[in-house]
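Peer 1:
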Amino acid sequence: MSKILGALRAHDSDTIEALADPRLRNSRPAVADDGEDVLLDGQDDDGDREAERVSERASGVLRFSEERDPAALSRFVQLRVIDPEGAYWRRGIEAATRWLRETGNTELRVPFTYVTPEDWGAVSTHPLGAWVADQRRYYAAGTLEASRVTELTKLGMVWSVHASAWDAGLEVARSYAAVHGHCLPAASVVWESFPLGTWMKNQRAAARKTVENAARREAGEPGVPYAGELSESRQEALAEIDPGWCPVAWEIGWQRNYRLALAHVKAGGTLPAGAGELVVQGEDLGAWITGQRVGWDKLMPAQQYLLETLGIEPAAEGETVGPVRRSQDERWNTNLAAARQFHGREGHLRPARKHLELLDDEEVKLGAFLDNTRKRIGKLSPERRADLDALGMRW
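Positions in the sequence shown are counted from 1; adding 293 to them yields our numbering.
In structure tokens, the structure reads:
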């Protein structure tokens with residue numbers, strides 16, 4: 294090996310210098326405006342200092358005017374010529390282990406742009422996020438060594454970001470269903486800081502696409518796309534949480550109202566006769582039932598059957614069925630009472646935009662009421678404005 298390097302030095306001294314100095318070895322040629330080649334140094338200040346220390350040791354090994362230690366020369370060639378990637382791998386493992394310890398995470402889910410801080414010593418400024426992403430890419434391509442797969446798995450490597458996101462969504466869906474008795478959130482619902490409504494909407498869209506594509510394939514249509522479908526195992530996992538999580542024939546709002554009415558009846562409650570009598574989880578079941586009775590002929594047979602099991606029937610011939618609307622004064626008084634109740638309890642009148650105030654077993658959308666009232670301030674009577682001013686209303 295010594296003779297080979299000696300011959301190489303006699304032929305090309307620049308190559309030997311690059312071996313001895315990583316700043317030269319890691320540089321990339323570029324072309325300046327005047328057409329002359331220049332070197333772009335990719336090292337930062339810390340990297341330069343480390344490179345200087347390494348190059349000092351390396352230049353000692355490659356100093357051809359003195360006796361060379363064969364063992365030292367062998368180690369140098371192994372590290373710098375034969376297996377430089379192995380050193381990069383160990384730095385990544387060290388950085389990943391430190392990241393888990395510092396963050397308290399149990400999974401190796403590192404943001405792509407994350408770089409370890411300088412005060413981590415030997416693994417300072419390591420591009421850990423990019424390194425983890427590379428390992429996922431090698432794993433997906435089947436080029437990652439089995440021993441490395443095992444080592445990363447022991448660290449809690451998340452091999453598939455998409456699969457991990459699915460597992461997280463499923464856990465939140467399970468938590469939501471345990472509290473609400475169903476997994477039919479509106480698209481705007483955020484549960485446990487997770488956009489569950491949007492996530493469930495996407496799962497339903499994927500499930501429906503799966504059904505549609507299956508029918509098209511059965512019909513022999515060519516070129517049917519498979520992307521975006523929901524696997525059978527995932528559909529079963531959601532069905533375990535809520536068997537009615539994905540109605541195919543009607544929209545999700547109808548399904549949610551039906552499930553709330555069903556739960557109310559099973560709990561021994563009686564169905565409301567008109568709007569405003571029963572509001573559950575923000576849904577006016579009285580208004581919904583009235584709408585079903587009025588539009589009975591527009592419902593599918595399966596919907597009619599489900600309603601009949603709850604004791605809901607179409608309007609009889611000659612029966613006048615319509616929403617029982619409260620007057621504007623009645624609605625104002627209800628909202629004002631809710632505002633006074635909130636102020637008396639909290640000491641202010643600054644509820645969240647989606648806050649629901651429970652008033653005599655009725656959920657009043659107090660946040661929305663106050664927001665809308667601010668927008669209509671020019672149309673308020675002096676008396677109504679004074680009522681809210683007395684509660685510290687912020688206009």
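C-beta atoms are modelled at their ideal positions from N, C-alpha and C, and glycine is treated no differently. For clarity, every value in this text was computed on a predicted model and none was experimentally measured.
Taking C-alpha atoms, which residue in L659, W424 and R429 lies nearest to H636?
Peer 2: Among L659, W424 and R429, the Cα nearest to that of H636 is on L659.
Peer 1: Tell me which residues share the same chain as Q528 and place their Cβ nearer than 7 angstroms to its Cβ, disregarding the 5 neighbours each side in the sequence.
Peer 2: A500.
Peer 1: Which residue from A532, L401 and D682 puts its Cα closest to that of M450?
Peer 2: Among A532, L401 and D682, the Cα nearest to that of M450 belongs to L401.
Peer 1: Take R552 and list the residues in its own chain whose beta-carbon comes closer than 8 angstroms to its own, dropping the five residues that flank it on each side.
Peer 2: These residues qualify, in order along the chain: G474, H475, L477 and G537.
Peer 1: Which residue marks the beginning of the beta strand (DSSP E) containing L651, and which one marks its end?
Peer 2: Counting along the chain, the beta strand (DSSP E) containing L651 begins and ends at E650 to L652.
Peer 1: Are the beta-carbon atoms of S468 and W492 separated by less than 8 angstroms?
Peer 2: No.
Peer 1: Would you grab the beta carbon distance between L649 and V657 for me? Rounded to a whole angstrom, and I think it's under 8 angstroms.
Peer 2: Correct: roughly 7 angstroms between the Cβ atoms.
Peer 1: Count the other CB atoms within 10 Å of the CB of D337; is the residue buried (16 or more) or exposed (fewer)?
Peer 2: The predicted position of D337 is uncertain, since its pLDDT is 45 and thus under 50; a value taken from the coordinates is nonetheless stated next. Exposed, by the Cβ-count rule.
Peer 1: In this structure, how does DSSP classify W452 when only helix, strand and coil are distinguished?
Peer 2: In this structure, W452 counts as coil in the three-state DSSP scheme.
Peer 1: Report the start-end ranges of each alpha helix (DSSP H) in the segment 568 to 619 that is 4 residues or longer and not cut off at the edges.
Peer 2: Counting only runs of 4 or more, we get 578 to 587 and 594 to 602.
Peer 1: E655 lies in the beta strand (DSSP E); which residues open and close that run?
Peer 2: Run containing E655: E655 to V657, per the beta strand (DSSP E) assignment.
Peer 1: Measuring straight from C-alpha to C-alpha, what distance separates E522 and A542?
Peer 2: In a straight line, the C-alpha of E522 is about 18 angstroms away from that of A542.
Peer 1: Under DSSP, the alpha helix (DSSP H) around R441 begins and ends at which residues?
Peer 2: It spans A439 to K447 - the alpha helix (DSSP H) in which R441 sits, taken as one unbroken run.
Peer 1: When burial is assigned at 16 or more other CB atoms within 10 Å of the CB, is L275 buried or exposed?
Peer 2: What is shown of the chain runs 294 to 688, which leaves residue 275 out entirely.
Peer 1: Hey, could you find the ends of the alpha helix (DSSP H) L553 is sitting in?
Peer 2: Its alpha helix (DSSP H) spans residues I545 to K559.
Peer 1: Taking only the alpha-carbon atoms, compute the straight-line gap between P675 and L681 and give it to the nearest angstrom.
Peer 2: Each residue's alpha carbon lies about 10 angstroms from the other.
Peer 1: Considering L673, what are the terminal residues of the alpha helix (DSSP H) in which it resides?
Peer 2: Taken as a continuous stretch (DSSP letters only), L673 belongs to no alpha helix (DSSP H), as it is neither H nor E.
Peer 1: Where R667 and G584 are concerned, what is the direct C-alpha to C-alpha distance, given to the nearest angstrom?
Peer 2: Computed Cα separation, rounded: 31 angstroms.
Peer 1: Expressed to the nearest angstrom, what Euclidean distance is found between the alpha-carbon atoms of T406 and P488?
Peer 2: Rounded to the nearest angstrom, the two C-alpha atoms are 23 angstroms apart.
Peer 1: With distances taken between CB atoms, is the gap from L578 to P565 smaller than 8 angstroms?
Peer 2: Taking 8 angstroms as the Cβ cut-off, L578 and P565 qualify as a contacting pair.
Peer 1: Classify L651 as buried or exposed, calling it buried when 16 or more other Cβ atoms lie within 10 Å of its own Cβ.
Peer 2: With fewer than 16 Cβ atoms within 10 Å of its Cβ, L651 is classed as exposed.
Peer 1: Below 8 angstroms between beta carbons: does that hold for T396 and V408?
Peer 2: No, they are not a contact pair.
Peer 1: Would you say G397 reaches chain C, if we count a Cβ-Cβ gap shorter than 8 angstroms as a contact?
Peer 2: Going by chain labels, chain C is absent from the structure shown, which holds only one protein chain.
Peer 1: Quick test of your reading: R638 and L684, contact by CB under 8 angstroms. State the CB separation rounded to the nearest angstrom.
Peer 2: Not confirmed; about 12 angstroms, so no contact.
Peer 1: Can you tell me the Cβ-Cβ gap for I534 and A466, rounded? I've got them flagged as a contact below 8 angstroms.
Peer 2: With 8 angstroms as the limit, I534 and A466 qualify as a contact, their Cβ atoms being about 6 angstroms apart.
Peer 1: Since V572 contacts E511 with CB under 8 angstroms, what's their CB separation in whole angstroms?
Peer 2: No, V572 and E511 are not in contact; Cβ-Cβ is about 44 angstroms, not under 8 angstroms.
Peer 1: Just to confirm before moving on: does the CB-CB distance between W625 and R687 stay below 8 angstroms?
Peer 2: No, the pair does not count as a contact, with Cβ atoms beyond the cut-off.
Peer 1: What is the residue span of the alpha helix (DSSP H) that R497 lies within?
Peer 2: First-last of the alpha helix (DSSP H) with R497: L489 to E511.
Peer 1: V425 and V442 look like a contact to me (Cβ under 8 angstroms); what is the Cβ gap, rounded to whole Å?
Peer 2: About 13 angstroms separates the two Cβ atoms, so there is no contact after all.
Peer 1: For R549, count neighbouring Cβ atoms within 10 angstroms of its own Cβ and tell me buried if that reaches 16, exposed if not.
Peer 2: With 16 or more other Cβ atoms within 10 Å, it is buried.
Peer 1: Quick one: Cα of G561 to Cα of R429, how far?
Peer 2: Rounded to the nearest angstrom, the two C-alpha atoms are 53 angstroms apart.
Peer 1: Does DSSP put W484 in a helix, in a strand, or in coil?
Peer 2: It is a strand residue.
Peer 1: Excluding five sequence neighbours on each side, which residues of the same chain lie with their C-beta closer than 8 angstroms to the C-beta of A461?
Peer 2: Once the five neighbours on either side are set aside, the close Cβ partners of A461 are F487.
Peer 1: G575 to K647, Cα distance in whole Å?
Peer 2: Near 10 angstroms, if we compare the C-alpha coordinates of K647 and G575.
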